[in-house]
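Chains as they are written, first to last, in our numbering: chain A, 14 to 310; chain B, 32 to 300; chain C, 416 to 881.
By construction, the Cβ of each residue, glycine as well, lies at the ideal position given by its N, Cα and C atoms.
None of these values were measured; they are calculated from a predicted model.
A short worksheet on the structure shown next.
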Amino acid sequence: MKMNVSIKSLFALAGWAVVSASVTGCGKLESGAHAEPTIRLKSAEAVVAAIPGASGDKVEVANTGDKGGPGSFLGRVTLKGNNPNQTVIFEKGKSNKDGSVCAADGSIVSEELVVGDDGGVANVFVFLDKAPAGFKAEKANSTLTFDQKGCVFTTHAMICQVGQIIKVLSDDDIAHNTHTFPGRNDPFNSTIKPKDRDGLDLVYKKAEKNPFPVKCDLHSWMIAYHLPLDHPFGAVSGKDGKFEIRDLPAGTHEFRVWHERAEGGKGGFLERKLKVTIKGGEQPPMEIAIDAAKFGL
Amino acid sequence: MRKFWCLFFMFWPIAAIVYSAMSPAYGWWFPGPSLTELGQRIDNLFYLILIIITVVFIGTQVALGYALWKAAHNKDEKSHFSHGSHNLEVIWSVAPAVILLFLALYQMDVWRDFRVKAYFPEGTIESPIAEVTARQFEWRIRYPAPGKKLQLKPQPDDLYAVNDLHAPIGRAVMIQLRSEDVQHAFFLPHLRIKQDAIPGQVIPIWFKAEKKGLFELLCAELCGWGHYKMRAQLTAEREVDFQDYLKKLQADQNYDGFPASDSVAKKEE
Amino acid sequence: MSVRWQTIVALMLASLLAGCGGDTSKARFAENSALAKQLLPKARKAVQKTLDDHFGSPLDSVAWLKLPVNYGKAEGTVKTVDGQKLSVEFNAEASDLESLASPELTRAGLLFTSGSNAGKQVLLAKFDSKNSTFETLPGLESAPSSGDQFVAAGHFLRHGRKLYARHCQHCHGVSGDGEGTTAKYLNPRPRDYRLGVFKFTSTASFPAPIKATRDDLKRVIALGIPGTYMPSFVPMLKENELTAVIEYVRWLAMRGEIEKGLVTELKGEYSKDRSKDDGIDKSLETYLSETYPNFVNEIAGEVGEKWSGAEEEGTPIIPKKPRPQDTAESRHRGKELFLGNKAKCVNCHGPTGRGNGPMTEDFQKNPDTNETYAERGLYDTWGQPIKPRDLTRGIYRGGRRPIDIYRRIYAGIKGTPMPGNSQALSEDEIWDLVNYALSVPYDSQAPKSPKPHSVAEHSMDHGHAN
Numbered sequence: 014m015k016m017n018v019s020i021k022s023l024f025a026l027a028g029w030a031v032v033s034a035s036v037t038g039c040g041k042l043e044s045g046a047h048a049e050p051t052i053r054l055k056s057a058e059a060v061v062a063a064i065p066g067a068s069g070d071k072v073e074v075a076n077t078g079d080k081g082g083p084g085s086f087l088g089r090v091t092l093k094g095n096n097p098n099q100t101v102i103f104e105k106g107k108s109n110k111d112g113s114v115c116a117a118d119g120s121i122v123s124e125e126l127v128v129g130d131d132g133g134v135a136n137v138f139v140f141l142d143k144a145p146a147g148f149k150a151e152k153a154n155s156t157l158t159f160d161q162k163g164c165v166f167t168t169h170a171m172i173c174q175v176g177q178i179i180k181v182l183s184d185d186d187i188a189h190n191t192h193t194f195p196g197r198n199d200p201f202n203s204t205i206k207p208k209d210r211d212g213l214d215l216v217y218k219k220a221e222k223n224p225f226p227v228k229c230d231l232h233s234w235m236i237a238y239h240l241p242l243d244h245p246f247g248a249v250s251g252k253d254g255k256f257e258i259r260d261l262p263a264g265t266h267e268f269r270v271w272h273e274r275a276e277g278g279k280g281g282f283l284e285r286k287l288k289v290t291i292k293g294g295e296q297p298p299m300e301i302a303i304d305a306a307k308f309g310l
Numbered sequence: 032m033r034k035f036w037c038l039f040f041m042f043w044p045i046a047a048i049v050y051s052a053m054s055p056a057y058g059w060w061f062p063g064p065s066l067t068e069l070g071q072r073i074d075n076l077f078y079l080i081l082i083i084i085t086v087v088f089i090g091t092q093v094a095l096g097y098a099l100w101k102a103a104h105n106k107d108e109k110s111h112f113s114h115g116s117h118n119l120e121v122i123w124s125v126a127p128a129v130i131l132l133f134l135a136l137y138q139m140d141v142w143r144d145f146r147v148k149a150y151f152p153e154g155t156i157e158s159p160i161a162e163v164t165a166r167q168f169e170w171r172i173r174y175p176a177p178g179k180k181l182q183l184k185p186q187p188d189d190l191y192a193v194n195d196l197h198a199p200i201g202r203a204v205m206i207q208l209r210s211e212d213v214q215h216a217f218f219l220p221h222l223r224i225k226q227d228a229i230p231g232q233v234i235p236i237w238f239k240a241e242k243k244g245l246f247e248l249l250c251a252e253l254c255g256w257g258h259y260k261m262r263a264q265l266t267a268e269r270e271v272d273f274q275d276y277l278k279k280l281q282a283d284q285n286y287d288g289f290p291a292s293d294s295v296a297k298k299e300e
Numbered sequence: 416m417s418v419r420w421q422t423i424v425a426l427m428l429a430s431l432l433a434g435c436g437g438d439t440s441k442a443r444f445a446e447n448s449a450l451a452k453q454l455l456p457k458a459r460k461a462v463q464k465t466l467d468d469h470f471g472s473p474l475d476s477v478a479w480l481k482l483p484v485n486y487g488k489a490e491g492t493v494k495t496v497d498g499q500k501l502s503v504e505f506n507a508e509a510s511d512l513e514s515l516a517s518p519e520l521t522r523a524g525l526l527f528t529s530g531s532n533a534g535k536q537v538l539l540a541k542f543d544s545k546n547s548t549f550e551t552l553p554g555l556e557s558a559p560s561s562g563d564q565f566v567a568a569g570h571f572l573r574h575g576r577k578l579y580a581r582h583c584q585h586c587h588g589v590s591g592d593g594e595g596t597t598a599k600y601l602n603p604r605p606r607d608y609r610l611g612v613f614k615f616t617s618t619a620s621f622p623a624p625i626k627a628t629r630d631d632l633k634r635v636i637a638l639g640i641p642g643t644y645m646p647s648f649v650p651m652l653k654e655n656e657l658t659a660v661i662e663y664v665r666w667l668a669m670r671g672e673i674e675k676g677l678v679t680e681l682k683g684e685y686s687k688d689r690s691k692d693d694g695i696d697k698s699l700e701t702y703l704s705e706t707y708p709n710f711v712n713e714i715a716g717e718v719g720e721k722w723s724g725a726e727e728e729g730t731p732i733i734p735k736k737p738r739p740q741d742t743a744e745s746r747h748r749g750k751e752l753f754l755g756n757k758a759k760c761v762n763c764h765g766p767t768g769r770g771n772g773p774m775t776e777d778f779q780k781n782p783d784t785n786e787t788y789a790e791r792g793l794y795d796t797w798g799q800p801i802k803p804r805d806l807t808r809g810i811y812r813g814g815r816r817p818i819d820i821y822r823r824i825y826a827g828i829k830g831t832p833m834p835g836n837s838q839a840l841s842e843d844e845i846w847d848l849v850n851y852a853l854s855v856p857y858d859s860q861a862p863k864s865p866k867p868h869s870v871a872e873h874s875m876d877h878g879h880a881n
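Shown next as structure tokens:
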């Protein structure tokens, strides 16, 4: 179609272009720095009245008091599958730093999966997520020690109580830098003097839901795991995979089983609801066999 | 229609002149008289050029308007097809060339006084008061310790400040301009000082503030997304106040936090 | 008109309307998705709803009076009511009366705490300080009566919000997450406030890290951080503007921390990988209606206490001894500590202080996921690679005063692998280290140590490059 271009229409075109260009972008200047924010207030007293009976999550304890008094939970965690060897981080004398102390007396091996000859898995945390209903925790008045020697933490997995004093010690002639990475507590990050036998106080004020790493910023291979609980019903499995939790109230409890290699190697629960019924007195130990796959093998 | 075009083309130059004439009343002009004598000379040059070009502008636009108007009213007369006029071309090449040459020669002394190191006033080159380093998007300033001379290499007792350049009034002072990253420009509008900061170069700038006060220091070379807020200030003050400022800066910089040891810089400012 | 012309005109009309609108009142704070994605969708929504209720959105915010943020507050009683004008009497101790005359009072809130309108609020239009009269915007259903008590607040927060949007947002992001539009071009990244951790503080880190004080934040904004993209904002910002923007940053930090606390709490039981578990939905519902609201207050209280605790008297670290003379002996002692076993600074900072110690060669693991980081070297709590400071440059991010270096060594740098040495070194030792650190850039210029050089020391001196 042939366009009939006259001067008049060209002018009209130019006029439209100017008008629309000047109006375009003239949208509401309600953005960013020109916007006028509104502030509404919210008063501080917004506490919902506690619903009776719901002080924290209730953990169903069936038939308390009927089936006898408190009892113990004994167990053993084993690996179902091939026994892996522990990876060697440094051969004796071959540490890449502070060779006078680290790996001086022996090689440093990774403790991320320690399995005994009989298949017992060490350093597995078995614990109750919350204290059983009606349980009152006593203030822990004993002190725990957390030591390091030869550039390795002597306790690889530790359960402690909320408010309990943990003495962080060093048995090495060089400075270490113990640094915790908790979920709900404040982190601890301090240089530890060489051969500090008095120790620094480390106290966790809140219970955590799962163990968290404790590292040394000066020696990157050093790692341990801590779990502060607000009740005493937790244990870490020993070299043979065995653990014991005493004085549990009678009834059925749901335990959590945690290991640093579960859930694809990032540390997680092997079991979230391990049901255990306590009938009072001694009970046969429970065998907890975990597939090698769950450890990322 | 032709009349319309004539008016249309005449409207704009007239609007431009009216607009420019109104500008000073609205503050769209120099930020006040220059604070330095050199700046005043720069302003004078500006006015000279402004007058020249205004005269030329009005002249050429009037000629254009006349030609359009005459043509608009003259439907019958045919336009004369010219094969060019050698004389006219010589005139309008030589005249502007002469004017430009005049301007170039006329301004040489101002340029020399501002930019040529050999003509810097006495005492400025030997003892610059500060090194100003531009970086995205602030101005970092390094003074020598009181009583010492500024060295090219940072000294342990140098004093540091950010965005707050102090200078004494009444005497010519020099600063060294550097850039940490990209090109910036050191622009003191009230003093009519403008100089690009080139990374890798140390550029001397001298000035002599005549009056005390707080003046803006801006970046005048687009240097990134924060260029528009790369603003600092120049505090021009009496010599004694300037020395006091340096002493205070030194006390602040050596503040060791111990409560009784420092009566000057107690606050954590 | 031909079809072509009609199209052209139609396009122009369309372009006329383009650019109009752009309704940003729907702007929202971004979710901390790295954290929240670990939750069940319902739990995630619950967290978002809590944050919306207690903090609002950037342009329609909620000033939660529980938090120790200085919103700009005035409390008092209504004396007379005249339409939308309320003449009031203030409770002088609880009110910041001077600031009320600010234009930022428009659209701040006034909440009634007693009377027929208790719990309801109205937006303010302005304040007439001569007659102590507030003029409100319409919005109250029933008129207030004399004797009603109220709290008016928000003008500081509004002022802070506008300044933040203008100056800080493009790097630090709308929700203070360090993911503004320019952030991806910057190294190091802008601070993510949502962990509530600030690096350059004057407060201690043992036994527990204390938050940054308002003065600390002010110093950072006023002086910038040399060696990074954080510039100085003074003299551009005036004193009252600095105060307002600092409050807003603290508010954003608290919001981020509360979000983190909520997600951490819910993550234990209601994480995403449990979506197929029996009864999980019901359990979540029960939890949300029974325990969760109290937990929200609990976590807000904890976060608030930490921030207000930082403002108490005596939180900045004050040395018990003044800095000793900066002598060659002191520097020499400092150097020995630097290289020695007591402090092990060399492991990260390297033998010549260049920041190239052996720790920068190791592969570290992310403490949250236990995965090994792709690049060698140290990482900070924000998951970014971080290099130990190169002391030879003379660039001190946290400040170059002796007290600043003292505090770095004493309390470490929060959020980074730099530890506090307050429990391992004495004050004298720390001061010697300060003297040494400040001398490192000028090592080649300094007079040699008066002590005879041992072979080891001699080789270290030669190893130094300036």
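Inter-residue spacing [alpha-carbon to alpha-carbon] between P235/B and I810/C
Taking the straight line from one Cα to the other gives about 24 Å.
Among G70/B, G244/B, I200/B and K242/B, which has the Cα closest to the Cα of V271/B?
I200/B
Here's a check: name, in chain order, each residue in its chain whose Cβ is nearer than 8 Å to the Cβ of P200/A, leaving out the five neighbours to either side.
H192, T193 and F194
Contacting residues, own chain, Cβ-Cβ under 7 Å from N285/B (five flanking each side not counted)
none
Ignore the nearest five residues each way along the sequence and tell me which others in S620/C's own chain have a CB closer than 7 Å to its CB.
A826, G827, K829 and G835
Quick one: what's got a C-beta closer than 8 Å to D195/B's C-beta in the same chain, skipping five residues either side?
I172, A263, Q264 and T266
Closest residue to C229/A among G119/A, L310/A, G106/A and F159/A (Cα-Cα distance):
F159/A
Does T679/C get closer than 7 Å to chain A when you measure Cβ to Cβ?
yes
Between which two residues does the alpha helix (DSSP H) containing R634/C stretch?
R629 to L638
Return no unless some Cβ of chain A is closer than 7 Å to the Cβ of Q421/C.
Using beta-carbon distances, Q421/C does not count as an interface residue toward chain A, since no partner is under 7 Å.
3-residue-minimum beta strand (DSSP E) runs that sit fully inside the stretch 223-295 of chain A, ordered along the chain:
225-229, 236-242, 247-249, 255-261, 264-272 and 281-291
The alpha helix (DSSP H) that contains F133/B, what's its start and end?
H117 to Y137
Can you check which of these residues, K260/B, G58/B and K242/B, is closest to L248/B by C-alpha distance?
K260/B
How far does the beta strand (DSSP E) with E505/C in it extend, from its first residue to its last?
Note on identity: in this sequence residue 505/C is Phe, with Glu being the wrong assignment. Its beta strand (DSSP E) spans residues K500 to F505.
Looking only at its chain, what residues have a beta carbon closer than 7 Å to the beta carbon of E844/C, apart from the 5 residues adjacent to it on each side?
L752
So with CB distances below 7 Å, who are the chain C contacts of N202/A?
S620, G827, P834 and G835
Using 7 Å as the limit for Cβ to Cβ distance, is Q264/B near chain C?
yes
Short Cβ contact (7 Å threshold) for R746/C with S647/C:
no
Identify the contact partners of F273/B in chain C, using a Cβ-Cβ distance below 7 Å as the criterion.
What F273/B touches in chain C: nothing, since even the nearest Cβ is about 17 Å away.
When DSSP labels each residue in this structure, what does D195/B get in the three-state scheme?
strand
Interface residues of chain C facing G27/B [CB-CB closer than 8 Å]
Chain B is shown from 32 up to 300; residue 27/B falls before or after that span and cannot be answered.
Closer than 8 Å, Cβ to any Cβ of chain A: which residues of the stretch 467-480 of chain C, in chain order?
D468, H469, G471, P473, L474, D475, S476, V477, A478, W479 and L480
Under 7 Å, Cβ to Cβ, is there at least one residue of chain B near R816/C?
yes
Less than 7 Å between the C-beta atoms of A135/A and V122/A, yes or no?
At least 7 Å separates the beta-carbon of A135/A from that of V122/A.
Considering only their Cβ atoms, is the gap separating G772/C from H883/C smaller than 7 Å?
Residue 883/C is absent from the model: chain C starts at 416 and stops at 881.
List, in order along the chain, the chain B residues whose C-beta lies closer than 9 Å to that of R748/C?
Per Cβ cutoff of 9 Å: no residues; R748/C is ~17 Å from chain B at best.
In the structure shown, what three-state DSSP assignment does M171/A receive?
strand
Bounding residues of the alpha helix (DSSP H) (the contiguous stretch that carries H582/C):
H570 to H582
How many angstroms separate the CA atom of A296/B from the CA atom of R815/C?
Only weak support is given to the placement of A296/B: the predicted model assigns it a pLDDT of 44, under 50, and the value that follows is read from those uncertain coordinates. Each residue's alpha carbon lies about 15 Å from the other.
Hey, quick one: how far does the beta strand (DSSP E) through Y174/B stretch, first residue to last?
E169 to Y174
Could you spell out where the alpha helix (DSSP H) holding I824/C opens and where it closes?
P817 to A826
Three-pair Cβ contact test at 8 Å for the stretch 469-483 of chain C versus the stretch 50-59 of chain A
yes
Should N655/C be labelled buried (16 or more other beta-carbon atoms within 10 Å of its own) or exposed?
exposed
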